[in-house]
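Reading through the structure tokens given below for one structure.
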Amino acid sequence: MKMKKWLAISLALVLVLALASVAFAQGMEKARVRVVHASPDAPAVDVWVNNTKAFENAPFKGITGYAELDPGTYNVKVVPTGATEPVVIEANLPLVGGKDYTVVAVGQLANIEPLLLEDNNNAPAPGKAHVRFVHASPDAPAVDIAVAGGGPVLFSNIAFKQASQYLPVDAGAYNLEVRLAGTNTVALSVPGVRLEDGTVYTIFAMGLAGGQPALQAVPSVDAQHMMVLPQTGAECPGAK
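The opening residue of the sequence shown carries number 3 in the working numbering; numbering runs sequentially from there.
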């Protein structure tokens, strides 16, 4: 009886230690964050994180790579390149370990602000790509994104500062249209968008619908996953 009790206690201790080690490992995971400059009239910028320069000289339409950070809340400041002021954006951003984030500088300079997006860079199914759409044009109305030539609407009624969900699509080349929401009026044609197998994309609408720089689509490759072919054990013809 004592032996059974001892075994039960030992098993419980092993389980507790295993769960604790998993929780510890999860707590040590890094957060990843990148910055997108989508403010059409703002100059190139530097980005400071907790008073350390993290990204330098990001121009309009610039998309940085991901930087790894410990989980926590970070003070982020955006300033013109090479300067310490004026601070055009300052925000405290909470970052969770194991998650990817995109911080988009949106709006014209007088009203610039950060848009924090949580990214999902998980691998698509074989033969698929994942794509989402982010509306970052401050004077453009809500829009639909559709396949040109009478194809389906992929994303509907996306307004300024909104991001769609990720959509799995067949890998291939697409001609897309940005339309005024709920209509067939094309605001922007986006031909020849190549979506590769195993890749995650974001398409940003940037610029101005009624001014310069003009409205444009800016695609970003967020993650690429190598498709590993299964081992069959079969020998290639002529192999020794």
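Each residue gets a CB set at the ideal place from its N, CA and C atoms; glycine is no exception.
Proximity winner among the options, relative to residue i (alpha-carbon distances)
i	options	result
residue 50	30, 76, 61	76
residue 116	142, 157, 184, 40	40
residue 71	58, 213, 102	102
residue 37	44, 60, 30	60
residue 46	81, 33, 171	81
residue 62	217, 228, 227	217
residue 108	153, 98, 129, 161	161
Proximity below 9 angstroms, CB of residue i to CB of residue j
i	j	result
residue 106	residue 207	no
residue 197	residue 219	no
residue 150	residue 156	no
residue 110	residue 215	no
residue 85	residue 48	yes
residue 192	residue 166	no
residue 170	residue 138	no
residue 35	residue 83	no
residue 44	residue 90	yes
Where the beta strand (DSSP E) through residue i begins and ends
i	result
residue 170	169-172
residue 65	Careful: residue 65 lies outside any beta strand (DSSP E) and carries neither H nor E.
residue 135	130-137
residue 72	Note, residue 72: premise wrong, no beta strand (DSSP E); not H, not E.
residue 194	188-197
residue 2	Shown here, the chain extends from 3 to 242; a query on residue 2 therefore has no answer.
residue 94	91-97
residue 48	47-51
Alpha-carbon to alpha-carbon, residue j and residue i
i	j	result
residue 112	residue 210	15 angstroms
residue 222	residue 202	9 angstroms
residue 225	residue 73	21 angstroms
residue 28	residue 68	With a pLDDT of 47 at residue 28, under the threshold of 50, the modelled position of that residue is not reliable, and the figure given next carries that caveat. Looking at the two C-alpha atoms, the distance is approximately 19 angstroms.
residue 78	residue 204	23 angstroms
residue 173	residue 182	26 angstroms
residue 93	residue 122	23 angstroms
residue 32	residue 100	6 angstroms
residue 25	residue 194	For residue 25, the predicted model reports a pLDDT of 38, less than 50, meaning its position is unreliable; a value from the coordinates is still stated below. For residue 25 and residue 194, the distance between alpha carbons rounds to 45 angstroms.
residue 23	residue 30	With a pLDDT of 40 at residue 23, under the threshold of 50, the predicted position of this residue should be treated as unreliable, and no value is reported.
residue 200	residue 66	21 angstroms
residue 114	residue 133	26 angstroms
residue 58	residue 118	19 angstroms
residue 2	residue 143	Absent from the structure is residue 2, since the part of the chain shown begins at 3 and ends at 242.
residue 185	residue 56	42 angstroms
Those residues which DSSP pairs with residue i across a bridge
i	result
residue 244	Absent from the structure is residue 244, since the part of the chain shown begins at 3 and ends at 242.
residue 225	202
residue 121	102
residue 54	51
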